[in-house]
Every structure is written in C-alpha cells, then in structure tokens.
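Before any comments, here is the structure.
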Amino acid sequence: MRTEGLSINLATVRQQWNLVEAVEACARHGITCIDPWRDQVAAVGLDTAVKVIKDNGMRVSGLCRGGMFPAADAAGRQAAIADNKRAVDEAAALGAECLVLVVGGLPQGSRDIGAARHMVLDGMAALLPHARASKMPLAIEPLHPMYAGDRACVNTLKQALDMAGQLGGDVGVAIDAYHVWWDPELETQIARAGAEKRILGYHICDWLVPTRDLLLDRGMPGDGVIDLPRISGWIEKAGYKGHTEIEIFSAQDWWTRPGDEVLKTCIERYNDTFAA
Ligand code: ZN
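Each residue of the sequence shown is one higher than the one before, counting from 227 in this note's numbering.
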C-alpha cells in the first residue's frame, strides 16, 4: 500500500491519541506527513511537538488553524490578529508548509456578512507582514456555506481566490473536497487556482447522506457521495504537487474506533481514491 503523498490531519485521530502518540502511530504505519491542530500542539507543548515531529522525520503539510478574524469590536479584532501571529510562529517552529485559515463567521449579534468578509480581508492584510517575515504562506480554506454563520464567511473557491488576489503573493488556498464538492464552478476554479499557483493544500473526506451532524459527521473517503477520484484528477491537472490530506471529524464512528484501524483504513482508501 502506497503512503507516499498522503498526509494525515491529526483531527482524524484526536479522540484516540495525543499529538506524540499520533505522530508515533503515523510513523508506525509508514505515513510521513501530518497536519496537527493548534490545541493538539498546545496540549503536549510546542517544544515536545517539534521534537517528536523531527525525531520521526515527519513533514508537516499545514498547521490548523488560524483565522477567526471577525469580532464585534476593534479590541476583539486586534486580539484575533495577535493570536494569528502566534499561530504563524507555531507553524514556523513546526516547519509547517502553510498556516490553514478558517476565516471566521459573523460576529455575535451581527447579520452583516459583507462586513464580516471585510473584517477577514482587513485581518489577513494586518497579518501578512508577519507571515511574510516568517516565510509562512497563508492558506484560506473556503468552508461549506452551512458554516457561514459561525465558522467561515468565505464559502467558495472563487471567493477565496478573489480574496487571495486582493491580498497578493504568499496567500493561497487549502481546497477541502468536503466543503467545495457541490460547487458547479469547482473544476474551473481549481484550474484557476493552479494557474495562479495558489494551491497550498488539498484535504479529503466524504459527504455522508444523510449527514447527522453539521460538524462531526464526516465520512471516510469512499463512504459518501463525493467523486474524489474526479476532483483529485482536477487537482493533479492543476499542477499541485503537495500532499493529499485526509481530515475526518467523526464523533459517532471513526473517533470511536481504535486509532490503528483508522490509519489503516485511511491508507487503504487513499490508495482506492488514486487507483483510477
Ligand atoms: Zn480541511
């Protein structure tokens, strides 16, 4: 079974293992790339995380996540920018290839999604000099519109690319098939993202029908309705050479199974997805 090109987003095994255990488990399964979450790094300490990643020769396809820029007042927006600067520093310490941004939804009490989108743009513009100084690319991850209220008011790849274009270089996109598979413009926008050299990450899992929970019911690749081989083909055609990252939040299923079974299944499904 091939593991080359596969990255495991450590959210996939967050209920089974802490970061150290997860990295060691990935190494045991021949997986050579991971994407940790900041809370997982914080739980073991940044120095420990850096050491176990280095000791196991892991690449880090990204750090999840920065973002969450909109806030009800200026102090809140400043606090978000300060937190994002710390996220950039952590990503740099870990040797991450990008900082993944879930940009944030509406501030509490607001119904003005246009204003929220401006806050995202302003927040990213304020963060960029620090990110550039740290040589840390910022990856905007458009999220499915069902999260526009609370997690991300950037919801299509086109919107993310337009935003990246306004911000300039060192800003790209993380394309998560779970969030964008439904978009009739997806093929065109993936080609555009490739032409603009902005694809910084590619995440996969599957859309289950029915979906029982808006956040925590993502499927293992192959178990849902997303045509992952087709989308992966578009990504490849767009010239993306980075890792394919499996990222699954699954409170009722995969988070309840032994971690080794989850990783073994990820490797099998990764091979199925790219066998075509
Ligand atoms: Zn993702």
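Ideal Cβ positions, reconstructed from N, Cα and C, are used throughout, including at glycine. Quick caveat: nothing in here was measured; it's all calculated off a predicted structure.
Asp309 and Gln392 have their C-alpha atoms spaced approximately 23 Å apart. A contact between stretches requires three or more CB pairs, one per stretch, nearer than 8 Å, and the region 446 to 454 fails this requirement with the region 383 to 391. Beta bridge pairing from DSSP links Thr470 with Leu232 and Tyr428.
Secondary structure remark: continuous beta strand (DSSP E) runs of at least 3 residues inside the region 259 to 323, in chain order: 259 to 261 and 289 to 293. Annotation: Ala374 is outside any alpha helix (DSSP H) and is labelled neither H nor E by DSSP. Placement of the Cβ of His356 at a distance of 7 Å or more from every heavy atom of the ligand ZN is found. Relative to the non-hydrogen atoms of the ligand ZN, the Cβ of His255 never comes closer than 7 Å to any of them.
Secondary structure in the region 324 to 359: the alpha helix (DSSP H) runs of 4 residues or longer, each lying completely within the stretch, are 339 to 359 in chain order. Residue burial is scored here from C-beta neighbours: Trp408 has fewer than 16 other C-beta atoms within 10 angstroms and is therefore classed as exposed. A contact between stretches requires three or more CB pairs, one per stretch, nearer than 8 Å, and the region 232 to 240 meets this requirement with the region 263 to 274. If you look at Gly420, you'll find it in the alpha helix (DSSP H) that goes Leu412 to Ala421. Note on geometry: alpha-carbon atoms of Gly271 and Ala251 lie some 19 Å from one another.
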